[in-house]
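Chemist: In the numbering used here, each residue carries its 1-based index in the sequence shown increased by 24. Think of the CB as a built atom: it goes at the ideal place given N, C-alpha and C, for glycine as much as any other residue.
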Amino acid sequence: MRLRYLPRYLAGIVFLPPASLTHHGCWHALGALKPASLQPAIHPSMEATPLQDCPLTERAILQRMLAAQDRPSPAQDGRRNDRMASYCCFRKPRQPGNMPDLPVLPFDHAEFISYQDILGLLGRPGVGVVAIQGIGGSGKTWAAKALYRAAKTLNLFDEYIWVSLSINCSMRKCFNKIAASLKCKIRDGLSVESTRTIIKEYLTPRKFLLVLDNAYFTEENTLEYLGVPDPGQQRLGSKIILTTRTTRALYALFSVMQPNIVKMMPRTLTYKGSYDLLREKIGKDISFAHDLISYCYGIPLIIILLAGALYDAPTEETFSELVANVHATLSTKISVFDTMQRMVKFGYHQLPSDNVRHCLLYCLIFPDDQGISVKELIWYWMMDGLLQEAIGFDEANHIGKEILDVLIKHGMVYLDDNDHVHMHNVIRETLSRFGKDMGYKEQDYWCFGNPIIKLEYLSKYSNRVSLMDTEMEFLRGSPNCLLISSLLLRGNYLLKAMSEEFFNQMAGTLQILDMSFTRIEVLPPSISYLIRLRMLLLIGCDHLQEIRYIASLARLEVLDASGL
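1. Less than 6 Å between C-beta atoms, sequence neighbours within five positions excluded: which residues of the same chain meet that for F498?
2. Comparing C-alpha positions only, which one of Y240, Q569, T294 and D538 sits nearest to G322?
3. Tell me whether K308 sits in a helix, a strand or coil according to DSSP, three-state version.
4. Taking the CB atoms as reference points, tell me whether A276 and F241 lie closer together than 7 Å.
5. Assuming L410 contacts H382 under a Cβ cut-off of 8 Å, what Cβ separation, rounded to an integer in Å, is found between them?
6. Can N504 and T542 be called in contact, C-beta distance under 7 Å?
7. Using DSSP with H/G/I as helix, E/B as strand and the rest coil, what is I210?
8. Using alpha carbons as the reference points, say which of Q394, L388, S502 and A585 lies closest to S523.
9. Could you check whether L346 and A337 sit closer than 7 Å to each other, using their CB atoms as the reference points?
10. Across the region 443-455 and the region 384-402, are there enough close Cβ pairs to call them in contact, namely three or more that are closer than 8 Å?
11. Identify which residue in M539, M367, K224 and K357 has its Cα closest to the Cα of N349.
12. Please report the distance separating the alpha-carbon of N238 from that of I156.
13. Alpha carbon to alpha carbon, how far is V187 from F370?
14. Per DSSP, Y438 forms a beta bridge with which residues?
15. DSSP three-state label for A337, please.
16. Figure out for me which residue from D538, A175 and I432 has the closest Cα to the Cα of L519.
17. When we look at the beta-carbon of K263 and count the other beta-carbons within 10 Å, is it buried (16 or more) or exposed?
18. Is it the case that the Cβ atoms of E570 and S550 are separated by a distance below 7 Å?
19. Around the Cβ of T177, are there at least 16 other Cβ atoms within 10 angstroms (buried) or fewer (exposed)?
20. Would you identify the three-state DSSP class for R196, choosing helix, strand or coil?
21. Return yes when the Cβ of S576 is within less than 7 Å of the Cβ of I536, no when it is not.
22. What did DSSP end up calling M462 once you bin it into helix, strand or coil?
23. Identify, in the order they occur along the chain, each residue of the same chain with its Cβ nearer than 8 Å to the Cβ of T165, setting aside the five sequence neighbours on each side.
24. My output table needs one value for I358: the three-state DSSP class, helix, strand or coil.
25. On the three-pair Cβ rule with 8 Å, is the region 302-318 touching the region 473-482?
26. Is the Cβ-Cβ distance between A168 and I265 less than 7 Å?
27. I need the straight-line Cα distance from I423 to A174, nearest angstrom please.
28. Using CA coordinates, which residue listed in V437, V252 and E413 is at the minimum distance from I592?
29. Please name the residue, chosen from Q257, L260 and E243, that lies closest to R272 on a Cα-to-Cα basis.
30. Would you mind sorting Q257 into buried or exposed? The rule is 16 or more other CB atoms within 10 Å of its CB.
31. Do we get a CB-CB distance below 7 Å when we pair L506 with the residues of chain B?
32. Which residues in the same chain have their Cβ closer than 6 Å to the Cβ of Y438, if we skip the five residues on either side of it in sequence?
33. Can you tell me whether DSSP reads F541 as helix, strand or coil?
34. Answer with buried or exposed for K308, where buried requires no fewer than 16 other C-beta atoms within 10 angstroms of its C-beta.
35. For N379 and E413, I'd like the C-alpha separation in whole angstroms.
36. Roughly how many angstroms separate the alpha carbons of V450 and G161, rounded to a whole number?
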């Protein structure tokens, strides 16, 4: 056996849907290319980043922005905008009459806002919330990450908090994520009221930056529930960045709407900008027998998926055939979202093998508001039989990383700075049907009164069951899950105990069991019946007193109890 151990009360709110030009956090490089006269007053010592030193995707975006000089601004009646090279494109819609100090242009006009102006909002006293709204794939998260990273680089705040959310993320879970992100220690077992008080008392004297990414709030007075101080009343310059697809999430933050709200609509990429991004992602000059660019609506995600489908064509003949197939797939224009879904499906079927597709679908069983550890994902793949050609962990790790590289190049997943894999929400939503058909059903968050009933329900549709990051405290009984092969209970921070007979009806099939980051104190005796178990993860189980009842697990290959 191998052991591997916001009430509507804020004084100033700026509402900024993103330009598509913000993909892959490129904004920190954009400011570096501005002439000296246009460098941000907020930090004149910001170092320039040569274009050749920027990451691949950032270079592509910078190049298409430089190319934007050839396109006149509508607001200038056809005259060239000489500063467009370093500008992010936002359309400013008509401003309501209750916002006199931030005038904007009507819907049929546009104005370009520089990176420095966007970053300057973080230092503007009258701004409390920056809300970035747009459709999926338009670059909301990347824009927020760029601002977040720039703020940290310039040391603008005392406290930095990033909270990733999803449509299935409860208010309680958001609340707990904020608490876990703070530097102060919050004891386990505290009531919601006590924890809220600690959060508010900790943040009130500090200038903080809070990012609520991909929010779908519907409850009123969200910020009050979360214990987040009012930046307007705090008067320290704290800021909240909200990214969302819906305006409802913004209104849910407050109980009384305040003035000084500016809405800016995103402008999609130009034709040339789209072509430059596509060429940069593919890695070579390209020419099409069909015009594919015009079908992409200037949305970065569609272009990246298109590049992923085309980048590894071995011959010109194969490339031409792929172009014809893509043209047939995208030629009917219905909507941006429909085109995005069709491109996701095309890219999925374009993956090189069924095995790679299975590895992609495996990502669906993880929560959509957090990344997946590359190391652990490869373990899952191996233990689930998806890396059958591998002999040993070293070879499995090598093959797994090759598969991940293919998925990343095809635009199906992306890698963050912490060696975690993420799947874009639009891709996840589109692939969910394929996942269900293949036994990789995404985790449902709608509630049963009894988690055992929910577990049995999920096991009817998939032999891989995920009940991660829920609020259940006990698992009682012996669920009827005779065909289950993987059970992921990771992150159930309130889970304290399981019935002794819990695993009785999983004995012949369960191969992967993950109970990491729970408050489990003892393992149930029935775990000894899991004779086919290959991987047992107990990472971060601080309350586990000892590891018992595993001597009979003859097939166990991975036991990770690090953090005990």
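Modeler: Working from what's here:
1. Excluding the 5 residues flanking it on each side, F498 has same chain C-beta neighbours closer than 6 Å at A521, in chain order.
2. For G322, the nearest C-alpha among the options comes from T294.
3. When secondary structure is reduced to three states using DSSP, K308 falls in the coil class, being assigned neither helix nor strand.
4. Result yes, Cβ atoms of A276 and F241 sit closer than 7 Å.
5. With a Cβ gap of about 5 Å, L410 and H382 count as contacting.
6. Against a cut-off of 7 Å, the Cβ pair of T542 and N504 comes out as no contact.
7. Correct three-state label for I210: coil.
8. For the residues Q394, L388, S502 and A585, the minimum Cα distance to S523 belongs to S502.
9. Contact: yes.
10. Taking a contact to require three or more Cβ pairs closer than 8 Å, the region 443-455 and the region 384-402 qualify as touching.
11. If we check each option's Cα against that of N349, M367 comes out closest.
12. If you draw a straight line from the Cα of N238 to the Cα of I156, it comes to about 10 Å.
13. Distance between the alpha carbons of V187 and F370 is about 32 Å.
14. For Y438, the beta-bridge partners assigned by DSSP are H446.
15. Residue state for A337 is assigned as coil, using DSSP reduced to three classes.
16. With distances taken between Cα atoms, L519 lies closest to D538.
17. With at least 16 other beta carbons inside 10 angstroms of its own, K263 counts as buried.
18. No, they are not a contact pair.
19. The residue in question, T177, is exposed, as its Cβ has fewer than 16 Cβ neighbours within 10 Å.
20. R196: helix per DSSP, three-state reduction.
21. For I536 and S576, no; Cβs fall outside 7 Å.
22. Under the three-state reduction of DSSP output, M462 falls in the coil class, being neither helix nor strand.
23. Beyond the five residues adjoining it in sequence on each side, T165 comes within less than 8 Å, by CB distance, of D237, N238 and T267 in the same chain, given in chain order.
24. Residue state for I358 is assigned as coil, using DSSP reduced to three classes.
25. No: fewer than three Cβ pairs fall under 8 Å.
26. In terms of Cβ geometry, A168 and I265 form a close pair [threshold 7 Å].
27. Taking the straight line from one Cα to the other gives about 36 Å.
28. Residue 592 is absent from the model: the chain starts at 25 and stops at 588.
29. Of Q257, L260 and E243, the residue nearest in Cα terms is E243.
30. Per the 10 Å Cβ criterion, exposed.
31. No chain B is present in this structure, which holds just one protein chain.
32. Same-chain partners within the cutoff: H446.
33. Here F541 sits in coil by DSSP.
34. Looking at its Cβ environment, which holds fewer than 16 other Cβ atoms inside 10 Å, K308 is exposed.
35. Looking at the two C-alpha atoms, the distance is approximately 11 Å.
36. Looking at the two C-alpha atoms, the distance is approximately 7 Å.
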